[in-house]
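Read in order, the letters of the sequence shown are residues 116 to 607 in the numbering used here.
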Amino acid sequence: MKTKKLPIILILLCFTALLAIAQTLDEFEQWKKQEQEQFQQFKDERDKAFTEFLKKQWREMQLMQGLVPDEKPKPVKAPVYTPPSDTPKEPIPDDSKIIKKIPIPKPPPEVQPELKKPVPDAWEKGKTLNFTFFDAPLTVHYDETLKAPFGNEINKETISAFWEALSRSNYDGFITQAQYYRKQMKLNDWGYCLLLHKIGENIYQGDQNSSYMFVWFMLSKSGYMAKIGYYQDKVYLLLPSANTLYGASYFTYGDDSNRFYAVSLDKSKQVVKTLYTYDGTYPGADKLIDLTVDSSPNIRNVVVSKRLTFNYKDKDYVLPVKFNKNAVDFFEDYPQTNLEVYFDAPLSPEASLSLLTELRPLIEGKSEVEAVNILLRFVQTAFSYEVDQEQFGREKVLFPEESLFYNYSDCEDRSVLFAYLVRKLVGLEVIGLDFPGHIATGVRFNTDVTGDYVMYQNQKYIICDPTYINANIGMCMPQFKNASLSVIRINR
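Okay, structure coming up:
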């Protein structure tokens, strides 16, 4: 009898437990719904307040016409080192550390990056937009109310109405998709701005004023500090940055130390002297745009081959290298910024594997001094020298990937590439040396090496100049031997 009662008791216990779980889940769903409603109410109230705020007094701002990184011009031609006639024929003793096995990165996949669509959700019910971003085909779905009518008249009332219209749309679903693609393509903050602008251009059929307003709204909703300004018939996107943007018009006001730069996302030159804008920014949007490049953009693989030649100790070398043209395209109109950004930037997986694989056999088994001299001669002579104004008609610092693509480079471009190679192949610490009108590098060897040097943080860094053709380590250009300089710290 007791045996028969046991299953009944177990069933009752299980049923009671299931009821308790169901009640708990129901309570959780009610709590979740209540929290969502409260959060939506908070967003609605915040947007309502900001919409009213935008209708109030805007102020006229006078903009500064862009910072210049270095007033002194660079050398028009790269100087060539000629050894003195009394240079001893016997090599200088070299007791620096011998380089053993050098690790090489794994080969990247040969297939195109698979940019999958974001996980389907309720927002997929919106309008479908197919477009290309640096030749990569993408698809997003968006609420049709995101396409708010802006009209031809630009003033604080129409801008306020634009914000109000977009704030009533299902923008959360769109941001989810944009940030998904951002992660897939390894885009930094600037890449995210470009992605939003490309989508805005497609939604608003090329209208730049509406596209910039769209980016302003989406950046603010993504937590970035952003402002909008206007003058006559043109709208300007105003962004503060964690870095300096050279050549971009900007303003500051009050106690705010942030410079708000008038940025261009459509390749046009933003020349603005006066505009109208508002005080403050959208509540909770406090992130600054950061131009740091942590990884090469993974948008689309367009692998291009090139042969680089150089001579070292009367021997000619030919290096077939590959690089990702899509990464070059991404950096083509990158804002000119602090040199640290370029020194810290990596090569694409394709370029890194190709270049390091070709150079490794040339320096394995060599001393640190010999290895660095080989890399120095490679950068000095494999690339022709030309200043930016001659090649681009403007100042443009090249990322390492770009130096492999363009036929010419100048002092900072060569220093950036050389520093990358020394760190990756020899494993030595490198700093950038910023002279008036010139950039070189300093390398910290593991043994005491003779030559021109600088002291930084109680460490000796031997001057290595990738622009001083045929000069070895420890040879500073004569005109800079006693010049003042600042150190560019390389973080990785």
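No residue lacks a Cβ here, since even glycine has one placed at the ideal position from N, Cα and C.
Measuring straight from C-alpha to C-alpha, what distance separates residue i and residue j?
i: Asn-416; j: Lys-384; result: 29 Å
i: Ala-237; j: Asp-322; result: Because Ala-237 carries a pLDDT of 47, less than 50, the predicted location of this residue cannot be relied on, and no value is offered for it.
i: Ile-588; j: Cys-579; result: 5 Å
i: Val-558; j: Ser-469; result: 24 Å
i: Pro-194; j: Ile-478; result: 26 Å
i: Leu-543; j: Pro-218; result: 14 Å
i: Thr-197; j: Phe-366; result: 48 Å
i: Ala-164; j: Gly-395; result: 13 Å
i: Val-564; j: Met-590; result: 12 Å
i: Phe-143; j: Thr-291; result: The pLDDT assigned to Phe-143 is 38, lower than 50, so where the model puts this residue is not dependable, and the model offers no usable value.
i: Pro-581; j: Tyr-296; result: 38 Å
i: Leu-311; j: Tyr-397; result: 18 Å
i: Glu-505; j: Ser-524; result: 10 Å
i: Ala-598; j: Phe-560; result: 23 Å
i: Gln-149; j: Asn-606; result: Caution is warranted here: a pLDDT of 44 is assigned to Gln-149, below 50, making its placement in the model unreliable, and no coordinate value can be reported.
i: Leu-490; j: Tyr-427; result: 10 Å
i: Pro-476; j: Val-418; result: 23 Å
i: Glu-160; j: Phe-168; result: 12 Å
i: Phe-329; j: Leu-244; result: 15 Å
i: Phe-154; j: Leu-309; result: Here the model assigns Phe-154 a pLDDT of 39, short of 50, so the residue's position is not dependable and the matter cannot be decided.
i: Tyr-521; j: Asp-381; result: 22 Å
i: Pro-190; j: Arg-509; result: 16 Å
i: Thr-452; j: Ser-275; result: 32 Å
i: Asp-503; j: Val-378; result: 21 Å
i: Leu-454; j: Met-179; result: 22 Å
i: Lys-313; j: Phe-248; result: 7 Å
i: Ser-284; j: Met-333; result: 12 Å
i: Pro-199; j: Lys-192; result: 21 Å
i: Phe-498; j: Lys-575; result: 29 Å
i: Glu-152; j: Glu-279; result: Only weak support exists for where Glu-152 lies, its pLDDT of 42 falling under 50; the coordinates are left without a value.
i: Ile-577; j: Ala-586; result: 13 Å
i: Leu-536; j: Thr-556; result: 12 Å
i: Glu-527; j: Thr-166; result: 46 Å
i: Val-456; j: Leu-462; result: 13 Å
i: Lys-316; j: Pro-593; result: In the sequence under discussion, the amino acid at residue 316 is Glu, which differs from the Lys named in the question. Those two C-alpha atoms are separated by around 52 Å.
i: Asp-287; j: Tyr-307; result: 16 Å
i: Asp-348; j: Asn-267; result: 8 Å
Against chain C, does residue i count as a neighbour if the rule is that its beta carbon must be under 7 Å from one of theirs?
i: Met-340; result: Absent from the structure: chain C. Only one protein chain is present.
So residue i packs on residue j, CB below 8 Å; how close in whole Å?
i: Asn-439; j: Glu-517; result: 11 Å between Cβ atoms; not a contact.
i: Trp-305; j: Leu-406; result: 6 Å
i: Ser-410; j: Ala-442; result: Incorrect: roughly 10 Å between the Cβ atoms, too far for contact.
i: Met-176; j: Tyr-368; result: 7 Å
i: Gly-663; j: Ile-213; result: With the chain represented from 116 up to 607, any question about residue 663 goes unanswered, as that position is not in the structure.
i: Phe-458; j: Ala-534; result: 6 Å
i: Leu-403; j: Met-340; result: 6 Å
i: Ile-269; j: Asn-324; result: 7 Å
How about residue i and residue j: are their beta carbons less than 7 Å apart?
i: Asp-162; j: Ser-335; result: no
i: Leu-434; j: Glu-473; result: yes
i: Ser-482; j: Asp-209; result: yes
i: Phe-265; j: Phe-277; result: yes
i: Gly-338; j: Ala-400; result: yes
i: Ile-554; j: Ser-530; result: yes
i: Lys-271; j: Trp-173; result: yes
i: Tyr-351; j: Gly-344; result: yes
i: Tyr-571; j: Val-602; result: yes
i: Phe-514; j: Phe-446; result: yes
i: Glu-465; j: Lys-437; result: yes
i: Leu-390; j: Tyr-346; result: yes
i: Ala-460; j: Val-512; result: no
i: Lys-171; j: Gly-552; result: no
i: Leu-360; j: Pro-450; result: yes
i: Leu-532; j: Leu-600; result: no
i: Thr-273; j: Lys-342; result: no
i: Ser-372; j: Val-387; result: no
Next on the checklist: Across the stretch 341-358 and the stretch 293-303, are there enough close Cβ pairs to call them in contact, namely three or more that are closer than 8 Å?
Outcome noted: Between the stretch 341-358 and the stretch 293-303, the count of Cβ pairs shorter than 8 Å is below three; the stretches do not touch.
Next on the checklist: Ignoring anything shorter than 4 residues, give me the alpha helix (DSSP H) runs that lie fully in the stretch 458-541, in order along the chain.
Outcome noted: List check, alpha helix (DSSP H) in window: 464-478, 483-496, 503-506, 515-520, 526-536.
Checklist entry - Taking three-plus beta-carbon pairs below 8 Å as touching, is the stretch 169-186 in contact with the stretch 482-499? => result Here the stretch 169-186 does not lie against the stretch 482-499, with fewer than 3 beta-carbon pairs under 8 Å apart.
Item to check | Contact between the stretch 422-430 and the stretch 252-262 (3+ Cβ pairs under 8 Å) | outcome: Fewer than three Cβ pairs drawn from the stretch 422-430 and the stretch 252-262 lie within less than 8 Å of each other, which leaves the two stretches out of contact.
Item to check | Segments assigned beta strand (DSSP E), at least 3 residues, entirely inside the stretch 153-192 | outcome: Entirely contained in the stretch 153-192, the beta strand (DSSP E) runs reaching 3 residues are, in chain order, 174-177.
Checklist entry - What alpha helix (DSSP H) runs, 4 residues minimum, are completely inside the stretch 272-329? => result You should have 286-299, 304-318.
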